[in-house]
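Going by UniProt numbering, the letters in the sequence shown line up with residues 1 to 202, in that order. Just so you know, even glycine gets a beta-carbon here, dropped at the ideal spot from N, CA and C. First comes the structure, then the notes that go with it.
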Amino acid sequence: MPLILETIVTTLSPAGDLHLVPFGLIREGEAYVLAPFRPSPTIVNLEANPVFAASSPRDVRVIAGAVSGRRDWPVADCARIPGKRLADSFGHAEFEVARIEDDGTRPRYHGRMVHAESHHPFIGYNRAQAAVLEAAILSTRLHMLEPDKILTEMAYHAIAISKTAGPHEREAWDWIEDKVAAALGRSERVLANPTPHPDAAR
Ligand SMILES: Cc1cc2nc3c(=O)[nH]c(=O)nc-3n(C[C@H](O)[C@H](O)[C@H](O)COP(=O)(O)O)c2cc1C
């Protein structure tokens with residue numbers, strides 16, 4: 001199995017509009033392969049502008065937000081390609097599409113890295129961030145999975161949220177919970193909203 005890095009991929013539409021979505025980048029030797037399922041705005045964009053940036057967000061709400069209708073995150077100009085990258089990231093890399101393996105379901109774009117840059121020190125892993133990442137992926141597969149499987153997996157990821165989330169991780173989790181609940185027609189949540197602190201109203 002190749003290593004897959006979960007990133008925020010940014011591309012530009014033929015009209016120059018930014019498109020920001022989470023994608024797994026598959027590492028294959030020197031190349032990083034982007035494999036979007038059709039139909040996909042990312043594919044349309046890569047056909048017009050065959051470059052992309054991949055960023056590692058510091059705030060996991062970017063990942064949860066991008067799959068729950070919140071895609072307006074600050075970006076900055078790329079250094080070597082005509083494109084944008086996520087502004088607040090541990091680091092980012094810029095790619096030119098060197099080769100395309102066309103496919104009716106999932107074409108593969110082989111990216112050649114032309115630039116990489118660190119922006120912020122990475123101090124440590126956080127379980128709640130990993131849980132949000134997993135839940136965000138689950139939430140893009142709701143049409144393919146049985147409700148029982150979705151809820152069982154969410155219940156497991158909720159443990160890390162309840163034990164290790166900061167406010168951003170908790171908010172990101174709640175966005176995914178809302179998306180899952182709406183898709184399954186549920187009113188209750190896997191992780192109950194925290195009881196407000198008695199001092200919170202003061
Ligand atoms: C962490 C993460 C990784 C993802 N990786 C992929 C991927 O490799 N390929 C894909 O088609 N969708 C992937 N998705 C789902 C896409 O982000 C989502 O379907 C998005 O709308 C695809 O962008 P597009 O509409 O430009 O194709 C991933 C989602 C998450 C949360």
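A heavy atom of ligand 1 is found nearer than 7 Å to the CB of ALA136.
For THR152, the enclosing alpha helix (DSSP H) stretches over residues 147-164. If you keep only unbroken beta strand (DSSP E) runs of at least 3 residues inside the UniProt domain "DUF447" (6-119), you get 18-28, 31-34, 51-57, 75-77, 84-86, 89-101 and 108-118.
CA-CA distance, ALA182 to PHE23, rounds to 23 Å.
The secondary-structure analysis by DSSP pairs ILE4 across a beta bridge with ILE26. The C-alpha of THR10 lies about 11 Å from the C-alpha of PRO41. Counting along the chain, no alpha helix (DSSP H) covers GLU188, and no H or E run does either.
With respect to VAL51, VAL97 sits close: the two C-beta atoms are nearer than 8 Å.
When the five nearest sequence neighbours on each side are left out, the beta carbons in the same chain lying within less than 8 Å of the beta carbon of ILE43 are those of PRO36 and PRO107, in order along the chain.
Burial check for SER118: the Cβ neighbour count within 10 Å stays below 16, so the residue is exposed.
For ILE137, the enclosing alpha helix (DSSP H) stretches over residues 127-139.
In its chain, beyond the 5 residues on either side, VAL190 have a beta carbon closer than 6 Å to the beta carbon of ALA155. Sequence-distant partners of LEU151 (beyond 5 residues in either direction) whose C-beta falls short of 7 Å from its own C-beta, in its chain, are VAL190. Look at the beta carbons and you see the stretch 73-80 not touching the stretch 23-33: under three pairs across the two are nearer than 8 Å. Taking the C-beta atoms as reference points, MET113 is found no nearer than 8 Å to PHE90. Counting every other CB atom within 10 Å of its CB across the protein chains shown gives THR105 a total below 16, marking it as exposed. The alpha carbon of LEU86 has as its nearest neighbour, out of PRO121, ARG71 and ASP103, the alpha carbon of ARG71. At least one heavy atom of ligand 1 lies less than 7 Å from the C-beta of GLY24.
Of the other Cβ atoms in all chains shown, 16 or more fall within 10 Å of the Cβ of ALA158; this residue is therefore buried.
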